[in-house]
Every structure is written in C-alpha cells, then in structure tokens.
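Visitor: Going down the list, the protein sequences come from chains A and B. Residues in the first sequence are numbered consecutively from 1, following this note's numbering. Residues in the second sequence are numbered consecutively from 454, following this note's numbering.
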Amino acid sequence: MKKKVLSSLICLSMCATMLFGCGNAASEQTTTQDQAPAAETTAAAETPAAEAAETTEATGEKVTLSIYTQYADDDTKVPYDYAVEQLAEAYPNVELNLIVQAQDDGQTLKTLAATGQLPDIYQASTDLINTFRSSNQIMVLNDVAESTGFLEKLYDANKDLAYAEDGNIYAFPFSGQEYVLWYYNKALFAEYNLEVPQTYDDLLNCINVFKENGIVPLALFGQEGWNTAAAFDVIATRYNAGGIKALDEGSASVTDQAYVDAANTMEQLVAAGLYQSDATTTNYDQASQMFLAGEAAMFINGQWYIEDATKALGENVDWMFYPAADAASYEAGKAAFSGGGSASGFAVNPDSPNAALAAEVAEFITEKYCEAKVMYRHNPLVALDTGKEPDSEYPAMMKKLSDTLPSITSTTKFTWGLTNSTFNDAIQSESQGLVSGQFSAAEFIENMADSMQ
Amino acid sequence: MKKYMGNKLAIFLFILPALAIFLIFDFIPILQVFAYSFTQWNGLTTPTFTGLENYFRLFQDRVFVTSNKNQLIFAILITVYQMLFATIFAITISDAKMKGRKFLRVAYFIPVILSVTVVCQLWSAILSGQGLLNKLFEAFGSDYTQNWLGDRYKAIYVIAFVNAWQWMGYQFALIVAGIKSISTDYYEAARIDGCTNAGAHRHITIPLLAETYKFCLVISLTGGIKAFTEMNILTGGGPNKSTYTLTYMMYNAAFKKSEYGYGLAAATVMVLECMIVMLVINFIFRDKDQRKEEERSRRKRHAD
Numbered sequence: 001m002k003k004k005v006l007s008s009l010i011c012l013s014m015c016a017t018m019l020f021g022c023g024n025a026a027s028e029q030t031t032t033q034d035q036a037p038a039a040e041t042t043a044a045a046e047t048p049a050a051e052a053a054e055t056t057e058a059t060g061e062k063v064t065l066s067i068y069t070q071y072a073d074d075d076t077k078v079p080y081d082y083a084v085e086q087l088a089e090a091y092p093n094v095e096l097n098l099i100v101q102a103q104d105d106g107q108t109l110k111t112l113a114a115t116g117q118l119p120d121i122y123q124a125s126t127d128l129i130n131t132f133r134s135s136n137q138i139m140v141l142n143d144v145a146e147s148t149g150f151l152e153k154l155y156d157a158n159k160d161l162a163y164a165e166d167g168n169i170y171a172f173p174f175s176g177q178e179y180v181l182w183y184y185n186k187a188l189f190a191e192y193n194l195e196v197p198q199t200y201d202d203l204l205n206c207i208n209v210f211k212e213n214g215i216v217p218l219a220l221f222g223q224e225g226w227n228t229a230a231a232f233d234v235i236a237t238r239y240n241a242g243g244i245k246a247l248d249e250g251s252a253s254v255t256d257q258a259y260v261d262a263a264n265t266m267e268q269l270v271a272a273g274l275y276q277s278d279a280t281t282t283n284y285d286q287a288s289q290m291f292l293a294g295e296a297a298m299f300i301n302g303q304w305y306i307e308d309a310t311k312a313l314g315e316n317v318d319w320m321f322y323p324a325a326d327a328a329s330y331e332a333g334k335a336a337f338s339g340g341g342s343a344s345g346f347a348v349n350p351d352s353p354n355a356a357l358a359a360e361v362a363e364f365i366t367e368k369y370c371e372a373k374v375m376y377r378h379n380p381l382v383a384l385d386t387g388k389e390p391d392s393e394y395p396a397m398m399k400k401l402s403d404t405l406p407s408i409t410s411t412t413k414f415t416w417g418l419t420n421s422t423f424n425d426a427i428q429s430e431s432q433g434l435v436s437g438q439f440s441a442a443e444f445i446e447n448m449a450d451s452m453q
Numbered sequence: 454m455k456k457y458m459g460n461k462l463a464i465f466l467f468i469l470p471a472l473a474i475f476l477i478f479d480f481i482p483i484l485q486v487f488a489y490s491f492t493q494w495n496g497l498t499t500p501t502f503t504g505l506e507n508y509f510r511l512f513q514d515r516v517f518v519t520s521n522k523n524q525l526i527f528a529i530l531i532t533v534y535q536m537l538f539a540t541i542f543a544i545t546i547s548d549a550k551m552k553g554r555k556f557l558r559v560a561y562f563i564p565v566i567l568s569v570t571v572v573c574q575l576w577s578a579i580l581s582g583q584g585l586l587n588k589l590f591e592a593f594g595s596d597y598t599q600n601w602l603g604d605r606y607k608a609i610y611v612i613a614f615v616n617a618w619q620w621m622g623y624q625f626a627l628i629v630a631g632i633k634s635i636s637t638d639y640y641e642a643a644r645i646d647g648c649t650n651a652g653a654h655r656h657i658t659i660p661l662l663a664e665t666y667k668f669c670l671v672i673s674l675t676g677g678i679k680a681f682t683e684m685n686i687l688t689g690g691g692p693n694k695s696t697y698t699l700t701y702m703m704y705n706a707a708f709k710k711s712e713y714g715y716g717l718a719a720a721t722v723m724v725l726e727c728m729i730v731m732l733v734i735n736f737i738f739r740d741k742d743q744r745k746e747e748e749r750s751r752r753k754r755h756a757d
C-alpha cells in the first residue's frame, strides 16, 4: 500500500511539474498575444512618428529597440558604430540592442517572423520585403518618409529604390546604385607585359600567360552563389545589356541567342582556366587573400571592395571595363554595368510596442549609415545626399568610377535584388555549375529553361 | 515488481510525460509536415491547398533524382565503413593481451565528441585545392591532385567519408559494450572444442551482437538518408546541387525560396524513406520466435 501511495505521489508530482512548466509558457504566450493588438493600437494612435519620439523624450523613459543588421566587417561595423554614436546624441532615451545578422538567406528573420518575435528594426532584402508584405509583418513607411524629409534627401537616381512593386515604401535604403567591378592587379599585368584585355581573345591570351607563370588568372569565391551569378552577368551584359535582370523580369529568355552566346563564352573561358580549379568551394576570404597577395591577377566583386583593395595594393590595383567579343562591343558595353540597386534597407516591425519610434529611428540610422559610408568608407554611392565629405581623398578607383557614372546607361541587379526567387535560386546554382567546368553551356541553358517553366 | 506492474494507473501516469512530449514534439509535427506538403505556403501566411501539385513537381525535378542517388551512396558508404571498421577495431581492442588498448579506445572515440562544424572545417582544410592532401601528392611527385570537394561525381563520396570517419567511434563504442556483455564461458568452451580466435568471433561474437548491429544499421542508414550538415558546410550542396539530399532540397525550398509546401513534400518523401528502411531492417532482424510464430500461422492458414 505504501508503495502504491509513494508511486502515485511521484507520478502526481511529475505531472504537476510538467503542467507548471507548460502553464508558465502558456501564460507568457497569452501576455504576448494580449499585448500585440494593444501595440498595434498604440502604434496606430501615436502616428505621426514625431509625436512618439517627443512623448518618449518628454517622459524621460528609456526605450530599447532591437535591431537586426549586418555587423561583420569594416563596411558594416563602421556605419553601425557611427549611427549608434549619433543616435545617443539625437535620441538620448533610445538604446539599440544589436542582433547581428546571420548570413543565412533570411532564415533567422523568417523564423522570428513565424514565431512573432521580429526585432523592432531589421535589415530587409527585396525577397524578405515581398514575403513580409504578404503576412503584414512589415510597416508601410510612406508617412514617416515624408515627415522626416527622407524622400527629399534621396538622390534622383535612387528614387526607385525606396519603393516596392506596390508603390509603397517598406524599407529605408542606404545603399545607392552599386556595381560589379572587374578588379585587376596592375603590377602583375605589367610584369608579364600584358595589356588590359578588351576582347575575349585578349583575355584568353592573359589566361595562358598567367597560367604558365603559376598565377591564377581570376580568383572567384564561387562558394557564394551571387559571385558566380555576377561572373556570368559580366559576360551576359556584353550580349544583352539587361543581363540577369532581364531574365528575372521575364523580358528576355535564357534560350535567346544572347544568353546562349554568353554561356558558350563562359564555358570557353572556364575551359581555358580563367578561374582557379576549386573556385566553387572557395570562400570570399580565400579568394580575396589570393588577389591581395598577388597570387591571382583578377577579381570580381562589388565597388565596396575598392577601399580594402586600395589599402592592400595601393596603386597596383585598378578596375577594368568588362571584356567583350570584339572591340566594337567592348566600346559599346562600357555604358552597361552589372549590378545595380535594390529596394532593400531598414524596415520596421509593425507589431513592435514602439513601432512609430522605431520607424523614426530607422530613418535616422539610414541617414547616418550613408554619412559614415561617405566619410569613413569613401563610398559616395549611397542612397541619400548627405552633404558630407570624405575624411580623406577618394581612392583613385572610386574617382574613376565617379567619372564613369554619368555615362552608364544601364545596370542589372545583384542576386539580392532579384524578385523571382525561383530564378534567383537557379541562376546561382547553374552559374556555379558553369564555373566548375563540369556543366556544359548546353546543360546550363536547358536547366535554366526547365527551372523557369 | 509484479504487483507494481499490475497498477495500470501508475503505468499510465509514468508513461504520460514521455508520451506527451513525443506526441507534441514528434508525432503532431510529422502529421503537420504531411498536411502542409499538400499546400502552397510561404511559412507565414495561410496555406492554400494545392493537392498533389508539390509531389508532381518534386518527381519531375532533376535534383530529386540526384538527391536520392546521393542519399543512397551516402547511406551505403557510411554503413559499410562504420560497421566494418567498428567491428574490426572493437574485436581487436577486446583482446586482453593487446597493448595500448586504452589509448586506442579513446582515439577511436575522439571524433565523435567533436562538433560537426569543427570536423568539417578540419577536412575542408585537408581537402581543398591547396590543401594538405593535394600538397602531399605534390610532395611525393604524384600528379594525382584532385578537386576533392568540387567534383560533381566524386564529392559525395568524399563527404560520406568525412561523416563515416567522424561517427565510426560511436558504433565502435556500441559494439565494444556489446562484446563486453558476452559471457567468456562461450569463448572458453569454443577454445576447448579447438576453435580459433577468428572462428570464435565469427560463430559467437557476431551472432550474439545481432541486436547491436540492428541498432547500428538503423542509425547509419537513416542518418545517411537525413544527411545535410556535412554537405552544407563542405560544398554548400554544390557544384550546382550535385551534392544535394532531400533534406537539402527541403532547406533550399523552404528557407531560400519560401516554398514551404514544396519543401515539406521533399521532407515527407524523406520520412517515408526512413520508415521503409526501418521496416526492412526490422523484417531482416526478426527474432527466431517471431519467425516460428509467423510460420505457424502461415501453416494454419493453409490448413484452413
């Protein structure tokens, strides 16, 4: 009997412990759910945003806003640190709680959204904006953009970047039009008496010379799909200025002769040994190190790499216009660049208890990001006209790019700016196949066409 | 004990917590996976029922064929490698006369306690284009340098080897424990009958480890079917998805393309494959009594 009583008591205590644990979770959840509509009401009631900020300042209440953004290298750390410093002066009652963005294609953010735990402010790409629009988890910022004067500060060339497909503003972009640059090591070209290639025949000659001398012609970080897509795009734009953007929008088909020619050219260059043999398993650090150490003669990356490349190689580094099939195409192609801007930037969680204040802070941070990029990263290609000057002279490559900008007539997109996720996935993996040299141009075209059906 | 086992309420109450956890965290989510695989869903909004559309798409997807082929290669390779070497090593160190047994026992198990990420980074450094392995070939004047992780056909074998290398120690520990539980009387009797050491292991050790082998087979084969981490770290599924598995397809569809319905259709197929493998293993390892019972009922049916 004693045993029965004891066993029943143990069972009951186990059940009670379990129920207590679950009960606590349930009550927490209930609180959150109860708070959600209240937060919405608060956010709605307190618009315009300025009122919210004033209220916070007036009450002296400390507000902590969570922010999910990149904080990995100088290009992301410097602007963030500067923005935090400036925020402390302009909004003494606001503190930021940084959640470092994971390089996981938005997986963390989507999981946070699915569980109702989105940060107050988050860095959103075009894909995320489109996804969160459908679930109403991204705030429409039209009013805030107007009241804070954000729209007036936007460069004319970047006006489109602020608006999503439905004509609303969901994120404050801080990057302007960006470009894929084909960097090269001037010292290595001079050492082997090579001219900067203008045509693919010139490029093939450079490949042969570099390979004979144990130099990797072009270091690619093909582990990242965007880099292989960019490598294809710099060739595709020589045949159709629309490049991968035209395919993404559906205004061109991958079976068009231009893209077939581009794929064939890339296959030929890969076979000649343009990229290192393990390009598809090389990451950014490895490829960059090869280029900066003089083990590779060329490198493909965005214009944001100018600062780092100049620091390491000084005057020995420059960028070239992408080579083309012949001299005429080369000259004509100087106006068509791979890359471009995208409707991505700082977005706000509409369910945040401080949504209105978060929107205002997001706009403020965006502006400070642009300032820091101009002043300390020597990158004038930002979304806003900040009126700031760099703390030292722009690097020669940036000056060259600035001089070229007025003549650029068309750009494409980086993969994070593509709107068709099926195409985005396909172009990243299929271009990687081409780079590996184990997939033919015909396979590339066939697989891409299949994916898009 | 008998009295206690007769208390149905106590049994139920003791089972309840584990049962509840299993139902809430395993069974119901699996049912949800099945249900959502018939929908178009981005993970955030209300799913739309689309019937078998995701499955039709999946079966026509060229990556589906590649993924299944990779899983098969991966599962077979790690099973053969792990069970073979784990058995050899376990039998070797079970010999009391062997020197350095303790050291070897620890050495074989060390990779198991390392994080998968650490192991993959280690092998990535060894197998990369300018890695240790290729450098060794060069040092010995051989031109057999390879793009180990970037080859569309060979990479899956290399990845499977990395997994097999890491987890062999786990099966080794199971088999060592199994060998220790076998009474030494059997071996003494065999020796008296003139049986050799190898013969004793063949006729005593291996048959008596049937249950251990069954467990090892289950974890190896299902582990192979579910493989993801090594591919993700070593090759990113590339080049051009040639090292994809169904788990990778699910991950890519759900988290990169926001096509949760399609991803969950891949997950459903993977769950079914794991279940089929389990059923086959259970069928192969039926115990003798069960087989006799089946035989008896079959005869009875024929007699009727």
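Think of the CB as a built atom: it goes at the ideal place given N, C-alpha and C, for glycine as much as any other residue.
#1: With DSSP as the reference, label Gln455/A as helix, strand or coil.
#2: Name, please, each residue of chain B whose Cβ falls closer than 8 Å to the Cβ of Phe439/A.
#3: Helix or strand or just coil, what does DSSP make of Leu141/A?
#4: Using C-beta distances below 6 Å, list every residue in its chain close to Leu418/A, excluding the 5 sequence neighbours before and after it, in chain order.
#5: Please decide whether Gly333/A counts as near chain B, where near means a Cβ-Cβ distance under 9 Å.
#6: Mind checking if Glu40/A is an interface residue toward chain B, Cβ cutoff 9 Å exclusive?
#7: Label Thr31/A either buried or exposed according to how many other C-beta atoms from any shown protein chain fall within 10 Å of its C-beta, with 16 as the threshold for buried.
#8: Select from Thr696/B, Leu661/B, Val724/B and Lys633/B the residue whose C-alpha is nearest the C-alpha of Lys522/B.
#9: Report yes or no: is there a C-beta of chain A within less than 9 Å of the C-beta of Phe517/B?
#10: I'd like to know whether the C-beta of Val140/A is nearer than 9 Å to at least one C-beta of chain B.
#11: Using DSSP bridges, identify the partner residues of Thr492/B.
#12: Tell me Asn185/A's beta-bridge partners as DSSP assigns them.
#13: Please name the residues in the region 116 to 135 of chain A whose beta-carbon is closer than 8 Å to at least one beta-carbon of chain B, in chain order.
#14: Kindly indicate which residue of Leu589/B, Ala539/B and Gly603/B has the alpha-carbon position closest to the one of Tyr597/B.
#15: Entirely within the region 340 to 366 of chain A and at least 4 residues each: give me those alpha helix (DSSP H) ranges in chain order.
#16: Looking at chain B, which residues of the region 275 to 287 of chain A have a Cβ within less than 9 Å of any of its Cβ atoms?
#17: Indicate the three-state DSSP secondary structure (helix, strand or coil) for Gln70/A in the structure shown.
#18: Closest Cβ-Cβ distance between Ser429/A and chain B: below 9 Å?
#19: Output yes if chain B places a C-beta closer than 9 Å to the C-beta of Asn424/A; else output no.
#20: Quick one: does Glu748/B have its CB under 9 Å from some CB of chain A?
#21: What are the boundary residues of the beta strand (DSSP E) that Ile427/A is part of?
#22: Give a yes or no on whether 9 Å exceeds the smallest Cβ distance from Gln177/A to chain B.
#23: For the alpha helix (DSSP H) containing Glu726/B, name the first residue and the last one.
#24: Give me, in chain order, the residues of the same chain whose beta-carbon lies closer than 8 Å to that of Ile563/B; leave out the 5 immediate sequence neighbours on both sides.
#25: Under 9 Å between C-beta atoms, does Asn616/B make it to chain A?
#26: Which partner residues does Ser410/A have in the DSSP bridge list?
#27: Taking 9 Å as the cut-off, decide whether the C-beta atoms of Met298/A and Leu381/A are in contact.
#28: Just how far apart, CA to CA, sit Ala171/A and Gln123/A?
#29: Based on the DSSP secondary-structure assignment, which residues constitute the bridge partners of Asn301/A?
#30: Is it true that the CB of Thr366/A sits closer than 9 Å to the CB of Thr383/A?
#31: With a threshold of 6 Å on Cβ separation, who are the neighbours of Leu661/B within its own chain once the five nearest residues in sequence on each side are excluded?
#32: Report, in whole angstroms, the separation of the C-beta atoms of Val216/A and Gly339/A, which I expect to be a contact under 8 Å.
#33: In chain B, which residues lie with their C-beta within 7 Å of the C-beta of Gln107/A?
#34: Assuming Phe150/A contacts Glu446/A (C-beta within less than 8 Å), just tell me the rounded distance between them.
#35: I'd like to check one pair, Gly222/A with Thr280/A: are the Cβ atoms closer than 9 Å?
#36: Can you pull the chain E neighbours of Ser595/B, defined as C-beta to C-beta under 8 Å?
Guide: Per the coordinate set shown:
#1: Within the shown structure, residues of chain A are numbered from 1 to 453, placing residue 455/A beyond reach of any answer.
#2: Here the neighbours are Arg605, Pro692 and Asn693.
#3: Judged by DSSP in its simplified three-state form, Leu141/A adopts coil rather than helix or strand.
#4: By the criterion of a C-beta distance shorter than 6 Å, Leu418/A is surrounded in its chain by Asp248 and Asn424, once the five residues flanking it on both sides are discounted.
#5: So no, Gly333/A is outside the interface.
#6: The predicted position of Glu40/A is uncertain, since its pLDDT is 39 and thus under 50; no value can be drawn from it.
#7: Note that Thr31/A scores 34 on pLDDT, short of 50, meaning its location in the model is unreliable and no value can be drawn from it.
#8: It is Thr696/B whose Cα lies nearest to the Cα of Lys522/B.
#9: Between Phe517/B and chain A, the shortest Cβ-Cβ separation is not below 9 Å.
#10: Residue-level contact check: Val140/A does not touch chain B, since none of the beta carbons of chain B fall below 9 Å from its beta carbon.
#11: The partner list for Thr492/B (beta bridge, DSSP) reads Phe502/B.
#12: Answer by DSSP bridge pairing, in chain order: Val317/A.
#13: Answer set for the region 116 to 135 of chain A: Asp127, Thr131, Phe132, Ser134 and Ser135.
#14: When each option's Cα is compared against that of Tyr597/B, the closest is Leu589/B.
#15: Counting whole runs of 4 or more residues, the region 340 to 366 of chain A contains no alpha helix (DSSP H) stretch at all.
#16: Going along the region 275 to 287 of chain A in chain order, one finds Gln276, Ser277, Asp278, Ala279, Thr280, Thr281, Thr282 and Gln286 with a Cβ nearer than 9 Å to chain B.
#17: Three-state DSSP puts Gln70/A in coil, outside helix and strand.
#18: Chain B, which has a Cβ nearer than 9 Å to the Cβ of Ser429/A, makes this yes.
#19: Cβ-Cβ to chain B under 9 Å: yes for Asn424/A.
#20: So, not an interface residue.
#21: In this chain, Ile427/A is not harboured by any beta strand (DSSP E); it is covered by the alpha helix (DSSP H) spanning Ser421 to Ser436.
#22: Cβ-Cβ to chain B under 9 Å: no for Gln177/A.
#23: Looking at the DSSP string, the run of the alpha helix (DSSP H) that includes Glu726/B is Tyr713 to Ile737.
#24: Gly622, listed in sequence order.
#25: Interface residue (Cβ-Cβ distance to chain A less than 9 Å): Asn616/B is not classified as such.
#26: Paired residue(s): Ala336/A.
#27: Going by C-beta atoms, Met298/A is not nearer than 9 Å to Leu381/A.
#28: Each residue's Cα considered, the two are about 8 Å apart.
#29: In the DSSP secondary-structure assignment, Asn301/A is bridged to Leu181/A.
#30: At residue 383/A the sequence reads Ala, which differs from the Thr that was named. Ala383/A is a Cβ neighbour of Thr366/A, given a cutoff of 9 Å.
#31: The answer, listed in chain order, is Ile635.
#32: Going by Cβ atoms, the distance from Val216/A to Gly339/A rounds to 23 Å, so no, they are not a contact pair.
#33: Proximity of chain B to Gln107/A at the Cβ level (cut-off 7 Å) is accounted for by Phe708, in chain order.
#34: For a cut-off of 8 Å, the C-beta gap from Phe150/A to Glu446/A is around 46 Å, too long to register as a contact.
#35: In contact: Thr280/A and Gly222/A (Cβ atoms closer than 9 Å).
#36: Looking at the structure shown, chain E is missing, and the protein chains on hand are A and B.
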